[in-house]
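In this note's numbering, the protein residues as written are 5 to 45. Each residue gets a CB set at the ideal place from its N, CA and C atoms; glycine is no exception. Here the structure is a predicted model, which means the values were calculated and not measured. Structure first, commentary second.
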């Protein structure tokens, strides 16, 4: 009984984590060095 419960909980966690990772948007952030360097230098 405990083994089946543990398996069910594990499978539920795997399904939820997979769903969350598939729902995330793919975003590429591009940064320019001039945004970080002081212009007075």
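Measuring only the C-alpha atoms, how far is residue i from residue j?
i	j	result
residue 39	residue 20	38 Å
residue 18	residue 6	18 Å
residue 44	residue 32	29 Å
residue 34	residue 11	42 Å
residue 9	residue 16	11 Å
residue 41	residue 14	48 Å
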